[in-house]
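Chemist:
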Amino acid sequence: MLLICGMIWAGSVFAQSIQYMVFEFIKVSNEQLFDYIEYKDFMEKVYRQALNDKLIKGWEYWRVQNGEGQSNYQCIMVTYYDDPVKMMNGMDDETIINYTKIAYPHLNDEQVRTVFQQALGIRELPMRLYMKELSCTQDQFQFKPGILASFDLMKAVEGRYQDYEKAEIDVFKPIHQNKIAQGMMGHWSFLRAALPQGSEASSTHLTMNLFKDYVQFFNSQEYEDMHQTAEQRAAVNAGLNSRDQKWIYLATLENVVR
């Protein structure tokens with residue numbers, strides 16, 4: 001009996017654990033896109049070593065299909081952590097170099113450092129967002145290459161910060177959960193900026209909307225709840241008016257470490 005209770009308790013703690021994520025929106029010149037393919041495969045091996053050492057919980061590389069914003073980003077890297085300190089510390093250059101040595105044992109020290117410097121030189125400095133997950137749907141969605149994601153960057157209307165968060169969790173989350181139940185969506189996650197921000201911040205929140213393929217994605221766009229009451233429609237409109245949807249990036253998952 002004690003063993004069963006302990007297993008249930010441990011599972012509950014894991015399910016309720018807070019997740020922290022770093023989003024890196026990366027721009028690569030057209031001339032270097034081919035070289036960057038090698039870079040992402042290199043980074044996958046490095047982050048797999050970091051996962052083995054429990055520095056991270058996971059890592060993903062997404063290829064951007066389209067987007068709106070201040071820059072034209074070609075890819076998005078997402079790194080998962082189980083606490084904010086690990087997230088902020090990240091991995092310094094020496095740690096990455098040491099993991100590179102493990103991933104590429106046939107290279108000597110000089111070759112490893114050359115590969116590392118060449119990889120960094122391919123990309124421009126990324127736009128980096130440090131986020132804390134506030135809520136997500138209950139589902140069994142599998143993260144595997146080929147799935148689609150819509151990364152929606154939001155900015156809460158000034159003075160309506162709490163109204164917006166309440167709307168996402170109490171109003172929009174059930175809608176996404178219903179889509180998942182009907183096979184029109186895979187997963188939804190709502191995140192808030194983990195660091196203090198001023199009023200001039202370009203975004204304050206982010207939602208991840210995941211789909212298994214384009215068929216599911218376009219079916220989701222056509223979703224309409226025919227049983228929605230007037231009160232529920234009013235709540236949806238109030239929620240929409242509590243935030244500004246700044247940018248949307250549609251991307252395909254190419255590399256994943258779990």
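Heads up, the sequence shown is in UniProt numbering, so the first residue is 1 and it goes up one at a time.
We put the beta carbon where it would ideally sit given N, CA and C, even for glycine.
1. In the DSSP assignment, find the unbroken alpha helix (DSSP H) run with Asn219 in it and report its ends.
2. Can you tell me whether Lys54 is helix, strand or coil according to DSSP?
3. Taking only three categories from DSSP, how would you classify Asn98?
4. Between the Cα of Gln216 and the Cα atoms of Met184, Trp188 and Arg48, which residue gives the shortest distance?
5. Report the rounded CA-to-CA distance for Ala181 versus Thr137, giving the unit in angstroms.
6. For Ala235, which residues from the same chain have a beta carbon less than 6 Å from its beta carbon, with the 5 sequence-adjacent residues on both sides left out?
7. By the 10 Å Cβ neighbour count, where 16 or more other Cβ atoms means buried, how is Asp109 classified, buried or exposed?
8. Using C-beta distances below 7 Å, list every residue in its chain close to Asn219, excluding the 5 sequence neighbours before and after it, in chain order.
9. When you compare only the Cα positions, how much space is there between Met91 and Met43?
10. Please classify Asn241 as buried or exposed, where buried requires at least 16 other C-beta atoms within 10 Å of its C-beta.
11. Here's the rule: buried if 16 or more other CB atoms are within 10 angstroms of the residue's CB, otherwise exposed. What is Asn209?
12. If you drop the 5 nearest sequence neighbours on each side, which residues of the same chain put their C-beta closer than 6 Å to that of Asn164?
13. Under the DSSP definition of a beta bridge, which residues are partnered with Ala235?
14. List in chain order: all unbroken beta strand (DSSP E) runs of 3+ residues lying wholly within the segment 117-159.
15. Does Met88 pass the burial test, meaning 16 or more other C-beta atoms within 10 Å, or should it be called exposed?
16. Please report the residue range of the alpha helix (DSSP H) in which His176 lies.
17. Between Pro126 and Ile37, how many whole angstroms is the CB-CB distance? I'm expecting something under 8 Å.
18. Relative to the C-alpha of Gln140, which candidate in Ser202, Gly186, Glu200 and Val28 has its C-alpha closest?
19. Answer yes or no: do Phe143 and Leu250 have a C-beta to C-beta separation smaller than 9 Å?
20. Roughly how many angstroms separate the alpha carbons of Trp188 and Met21, rounded to a whole number?
21. Considering Gln162, what are the terminal residues of the alpha helix (DSSP H) in which it resides?
22. Under a three-way DSSP split, which group does Lys86 fall into?
23. Closer than 8 Å is the cut-off here; do at least three beta carbon pairs connect the segment 91-103 with the segment 115-135?
24. Taking only the alpha-carbon atoms, compute the straight-line gap between His176 and Lys57 and give it to the nearest angstrom.
25. Can you round the beta-carbon distance between Trp59 and Tyr47 to whole angstroms, since I take them to be within the 8 Å contact cut?
26. Mind checking whether Ile96 and Phe23 have CB atoms under 9 Å apart?
27. First and last residue of the beta strand (DSSP E) that includes Ser189?
Modeler: For this structure:
1. Taking the first residue of the sequence shown as 1, we reach residue 219 at position 219. Per DSSP, Asn219 belongs to the alpha helix (DSSP H) from Tyr214 to Gln221.
2. Within the sequence shown, the letter at position 54 stands for residue 54. Three-state DSSP puts Lys54 in coil, outside helix and strand.
3. On the sequence shown, residue 98 is found 98 positions in, with the first residue counted as 1. If DSSP states are grouped into helix, strand and coil, Asn98 belongs with the helices.
4. Here residue 216 refers to the residue found at position 216 when the sequence shown is read from its first residue. Answer by Cα proximity: Met184.
5. Locating residue 181 in the sequence shown gives position 181, counting from the first residue. Locating residue 137 in the sequence shown gives position 137, counting from the first residue. Their backbone Cα atoms lie some 11 Å apart in a straight line.
6. Numbered from its first residue, the sequence shown carries residue 235 at position 235. Contacts found: Val171.
7. The residue labelled residue 109 in the question sits at position 109 within the sequence shown. With fewer than 16 other Cβ atoms within 10 Å, it is exposed.
8. Locating residue 219 in the sequence shown gives position 219, where the first residue counts as 1. Once the five neighbours on either side are set aside, the close Cβ partners of Asn219 are Met184.
9. Counted from its first residue, the sequence shown places residue 91 at position 91. Counted from its first residue, the sequence shown places residue 43 at position 43. Straight-line Cα distance between these residues: approximately 12 Å.
10. For this step, residue 241 is matched to residue 241 along the sequence shown. Exposed, since its Cβ has fewer than 16 Cβ neighbours within 10 Å.
11. Here residue 209 refers to the residue found at position 209 of the sequence shown. Result: buried.
12. Taking the first residue of the sequence shown as 1, we reach residue 164 at position 164. In the sequence as presented, Asn is not what sits at residue 164; that position holds Tyr. So the list reads Ala156, Ser242 and Arg243, once near-sequence residues are dropped.
13. On the sequence shown, position 235 is the one that residue 235 refers to. Paired residue(s): none; Ala235 is not in a bridge.
14. 127-136 and 148-156
15. Position 88 of the sequence shown, counting from 1, holds the residue named residue 88. Looking at its Cβ environment, which holds fewer than 16 other Cβ atoms inside 10 Å, Met88 is exposed.
16. Position 176 of the sequence shown, counted from the first residue, corresponds to residue 176. Where His176 is concerned, the enclosing alpha helix (DSSP H) stretches over Lys173 to Ala181.
17. As a working mapping, residue 126 is identified with position 126 in the sequence shown. As a working mapping, residue 37 is identified with position 37 in the sequence shown. Actually they do not touch by this definition, with Cβ atoms about 17 Å apart.
18. Numbered from its first residue, the sequence shown carries residue 140 at position 140. Checking every option, the nearest Cα to that of Gln140 belongs to Gly186.
19. To locate residue 143, count along the sequence shown from 1; it is residue 143. To locate residue 250, count along the sequence shown from 1; it is residue 250. No, the Cβ-Cβ distance between Phe143 and Leu250 is not below 9 Å.
20. As a working note, residue 188 is residue 188 in the sequence shown. As a working note, residue 21 is residue 21 in the sequence shown. Looking at the two C-alpha atoms, the distance is approximately 14 Å.
21. Counting from one through the sequence shown, the residue named residue 162 turns up at place 162. Run containing Gln162: Tyr161 to Ala167, per the alpha helix (DSSP H) assignment.
22. Counting from one through the sequence shown, the residue named residue 86 turns up at place 86. Looking at Lys86 - three-state DSSP - the assignment turns out to be helix.
23. yes
24. Looking up residue 176 in the sequence shown gives position 176. Looking up residue 57 in the sequence shown gives position 57. C-alpha separation (whole angstroms): 25 Å.
25. In the sequence shown, residue 59 corresponds to position 59, counting from 1. In the sequence shown, residue 47 corresponds to position 47, counting from 1. Correct: roughly 4 Å between the Cβ atoms.
26. As a position in the sequence shown, residue 96 is number 96, starting the count at 1. As a position in the sequence shown, residue 23 is number 23, starting the count at 1. Not in contact: Ile96 and Phe23 (Cβ atoms no closer than 9 Å).
27. Residue mapping note: residue 189 aligns to position 189 of the sequence shown, counting from 1. Its beta strand (DSSP E) spans residues His187 to Ala193.
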